[in-house]
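The sequence shown runs 839 to 1229 under this note's numbering.
Every residue gets a Cβ at the ideal spot worked out from N, C-alpha and C, and that includes glycine.
Being a predicted model, the structure only gives us computed values, none of them experimental.
The structure appears below as structure tokens.
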Amino acid sequence: MPDQLHWLLEELLHLDAEQLNRRRRCIRAEQDGWCSIDGQRLRNFASNDYLNLAHDDRLIEAACQAAKESGVGARASALVCGRTNWHSKLEKELADFEGQEAALLFPSGFAANTGTIPTLVNEQDVIFSDRLNHASLIDGCRLSKAQIRIYRHDRIDELERQMQDSGSFRRRLIVTDSVFSMDGDLAPLEEIAWLGKKYDAAILIDEAHGTGVFGRKGRGVAEHLGVESEIDIRIGTLSKSLGSLGGFVTGSRKLIEWLWNRARSQIFSTALPAAACAAASRALEIIASEPDRRKRLLEMSDRFRRELAEVGLATPEKSVGPIVPLILHDPSKAVRAAEELESRGFLVGAIRPPTVPVGTSRLRIALSCAHTDEDLRRLLAALVDVFDQDK
Ligand SMILES: *Cc1c(COP(=O)(O)O)cnc(C)c1O
């Protein structure tokens, strides 16, 4: 019988040759930013657990309690019989946390994006989408079948020109990450809010990396930039700063009611485990009661960027906060640097196409509250060592 998938071997060899094949490894996650791989202990600078909550005893306790009471799996979609008190409590808390009327949980942040956008626009409409948006926003835009206009947030006048020409569409929707996940810079939400108003467009933002990190109360970049009242749809994840799993949308009551009735990734997928909801609820309490976590994280990020610049390792100009990229351009350079760092005890992600545009492969250092000043000093020394050797 001919092998219908024989072409896969060639494709995989091609990935190998380009240094684009991705390894699958087993990580043993431990408390306080430690992990081990094949028995080697590493300081973890690759995780999204910004507030060091994924392994917090209080979240573990909350999750265990909920699992004991409600079981492990949710048994069905929220619509059928998967929605428990933990889900309803968390949705109320998320709405309160973001100062919105209502919230809806999704199986993941990815599912929140792909599920929400197609309920808001279709063939008659146009979406303005940042070229560096997360894959799940891009897929959500594609699923909607709306016309898509790509803009760059470093050239916001480009967005305005595109919006000027959009009068013939029924609806306009601007879609953007609030923190760009690979560059660590922020969306110019003030300008976007102004353009939205001027050209009659709704605004959807994805705060996956903003929640818990930016803003006085940790509500994200919209809070930080003072534009919360101008954002129509706020999407977030429970899986980064909140240390759990799941996605959510907050906004007006009518928006949430509509999503509950129409968002396919929510309706046709099993509800989150109660344990994930209980842990996220506990994380929200900690975000409110322990603001020093995010304060220290941002201070540490600023200081680390300055120290990198002092040794000649520049991060992209506008990047701020815990995502610290070092652009190395070539994928094999990024992979080699990550391996060198690993041999010195640091786990740092090497990010290559298609996750980032061709020619912009990079190390992506992710800081967290788990890290100490000593960790940063040692990482900086290791980076200097690795890049000196490379010259
Ligand atoms: C991680 C991420 C998501 C997906 O969230 P999950 O809960 O992990 O599915 C969506 N958008 C952005 C910008 C992200 O970084």
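Cα separation between Asp887 and Gly1048?
Rounded to the nearest angstrom, the two C-alpha atoms are 12 Å apart.
Per DSSP, what are the beta-bridge partners of Phe1052 in this structure?
Phe1052 is not bridged to any residue.
Determine the extent of the beta strand (DSSP E) in which Asp1168 is found, giving its start and end residues.
Run containing Asp1168: none; DSSP gives neither H nor E here.
Give me the Cα-Cα distance between Gly937 and Ala1114, rounded to the nearest whole angstrom.
Each residue's alpha carbon lies about 22 Å from the other.
For a quick check, are the C-beta atoms of Arg1132 and Phe1018 less than 9 Å apart?
It is not a contact, given that the beta carbons lie outside the stated cut-off.
Does the separation of the CB atoms of Thr954 and Ile1073 fall below 9 Å?
Closer than 9 Å, so yes.
So for Gln878, helix, strand or coil by DSSP?
Correct three-state label for Gln878: strand.
Taking 9 Å as the threshold (C-beta atoms), are Ala1025 and Asp968 in contact?
In contact: Asp968 and Ala1025 (Cβ atoms closer than 9 Å).
Please indicate yes or no: does the CB of Asp1015 lie closer than 8 Å to some heavy atom of ligand 1?
Yes - ligand 1 has a heavy atom lying nearer than 8 Å to the Cβ of Asp1015.
Between the Cα of Ser1139 and the Cα atoms of Pro1192, Lys930 and Lys1156, which residue gives the shortest distance?
Ranking Pro1192, Lys930 and Lys1156 by Cα distance to Ser1139 puts Lys1156 first.
Around the C-beta of Phe1106, are 16 or more other C-beta atoms found within 10 angstroms, so that it is buried, or is it exposed?
The residue is exposed, with fewer than 16 neighbouring Cβ atoms inside 10 Å.
Tell me whether Phe1007 sits in a helix, a strand or coil according to DSSP, three-state version.
Phe1007: coil per DSSP, three-state reduction.
Indicate whether the contact test is met: 3 or more Cβ pairs, each with one atom in the region 888-901 and one in the region 1213-1226, closer than 8 Å.
At 8 Å Cβ cutoff, the stretches do not touch.
Would you please state the rounded distance, in angstroms, between the beta carbons of Pro1160 and Ser1206? I believe it to be under 8 Å.
Sure, about 7 Å apart at Cβ, within 8 Å.
So Ser967 is in the beta strand (DSSP E); what residue range does that whole segment cover?
Start and end: Val964 to Asp968.
Scan the region 879-959 and note each continuous beta strand (DSSP E) run of 3 residues or more that stays entirely inside, going in chain order.
Qualifying beta strand (DSSP E) stretches, in chain order: 940-944.
So does His1047 have its beta carbon nearer than 8 Å to some heavy atom of ligand 1?
Flag set: Cβ of His1047 near ligand 1.
Measuring straight from C-alpha to C-alpha, what distance separates Leu897 and Leu1218?
So the alpha carbons of these two residues sit roughly 32 Å apart.
Taking only three categories from DSSP, how would you classify Gly1058?
DSSP places Gly1058 in coil when its eight states are reduced to three.
Answer with buried or exposed for Met1001, where buried requires no fewer than 16 other C-beta atoms within 10 angstroms of its C-beta.
So Met1001 ends up on the buried side.
Taking the alpha-carbon positions, what's the Gly1022 to Leu1164 distance?
Cα-Cα distance, rounded: 11 Å.
Cα separation between Asp963 and Val1194?
In a straight line, the C-alpha of Asp963 is about 28 Å away from that of Val1194.
Is Ala1220 near ligand 1, judged by its Cβ being under 8 Å from some heavy atom?
It does not: the Cβ of Ala1220 is nowhere closer than 8 Å to a heavy atom of ligand 1.
Considering only the beta carbon of each residue, do Phe935 and Leu1122 sit closer than 9 Å?
Yes; because the gap between Cβ atoms is below 9 Å, this pair is in contact.
Is it right to say Asn951 is buried, meaning 16 or more other beta carbons lie within 10 angstroms of its own, or is it exposed?
Buried is the call here.
Which runs of the beta strand (DSSP E) at least 3 residues long sit entirely within the region 1063-1116? Give them in chain order.
List check, beta strand (DSSP E) in window: 1071-1075 and 1085-1089.
Considering only C-alpha positions, which residue in the set Pro1192, Leu942, Val918 and Ala914 is nearest to His925?
The candidate whose alpha carbon is nearest that of His925 is Leu942.
Of all the options Arg860, Val1162, Leu851 and Pro1111, which has the alpha carbon lying nearest to the alpha carbon of Gly909?
For the residues Arg860, Val1162, Leu851 and Pro1111, the minimum Cα distance to Gly909 belongs to Pro1111.
Just verifying my parser: in three-state terms, what is the DSSP assignment at Ile986?
Reduced to three states, the DSSP call for Ile986 is strand.
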